[in-house]
Structures are given as C-alpha cells and as structure tokens.
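First comes the structure, then the notes that go with it.
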C-alpha cells in the first residue's frame, strides 16, 4: 500500500520491488532510511536510456554507490572502480561506457553523484552503511 502521495499503490497482482518507488518526474524526493553496519539498500533503479540523473544523500556513516546492474560493476563510490572526487561540480571527471559522471568523493557528510548521458543499461544507486545510522 501507498504511504504518501509520491508512492503509488500496487495493483492486487503486483508487488513492490523496492522499499521506495520514485516516479519519473523531475523533482526532489526525500525519505529517511536506517541501515546497520555493512548493510546495503538500493535507493533508486534506472532503466537503460534514463538521463539527467542527480542524487545527493545526507547520512551518518553511509556511502553512495552507482552500480551497473548488467555487469555488477560498482562504478562510483567507496571500494568502486572510481572513488576519487572530481575537482568541482562542473567537472565530469569520470568516464564510463559513454557516460560523464561527477562525484564529490567518499569523505564528508554527504555524497553527490550526477550522470550526464543516456544510461547504456540498467543502473542502481545503492546506500551502504559503514556503521549503524540514518540517511
């Protein structure tokens, strides 16, 4: 069942594949989540062809990762192929399968990932807890 205007109810023969379901309209979506140390949770999934992706997470001891769902490559984030911050928000210093990606790094109290280009396949944004906390 829906718990707010941004989460449509599922039909009787359907189920939710994720705890949070975001609609396809541009805008800001805010929710809180709690994870224990070492636990991960998919925040958002994007189909092939999606573009204009921007996600910022404010957290207590959590990391944000961009994952290619076809290859299972952890593209951006702590322990991923790319974990070094770009120099500034205009710098898309990470190139991956035709995408230009900005990442503000693995330190600090927030992470920002922006992706320019059309996704070549399905991708997910995953929160990973370093310790118990709320994002």
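In full-length UniProt numbering, the protein residues as written are 1 to 135.
Just so you know, even glycine gets a beta-carbon here, dropped at the ideal spot from N, CA and C.
Please read all numbers here as calculations on a predicted model, not as lab measurements.
According to DSSP, residue 55 shares a beta bridge with 113. When the alpha-carbon of residue 37 is set against those of 70, 71 and 61, the nearest one is in 61.
Taking C-beta atoms as the reference points, residue 115 and residue 42 fail to come closer than 8 Å. Under the 10 Å beta carbon count, residue 128 is surrounded by 16 or more other beta carbons and is classified as buried. Taking C-beta atoms under 8 Å as the contact rule, residue 81 and residue 74 qualify, at a distance of about 7 Å.
Counted as a single uninterrupted DSSP element, the beta strand (DSSP E) harbouring residue 99 occupies residues 99-103. The alpha-carbon separation between residue 39 and residue 90 amounts to approximately 32 Å.
Boundaries of the beta strand (DSSP E) around residue 74: 74-76.
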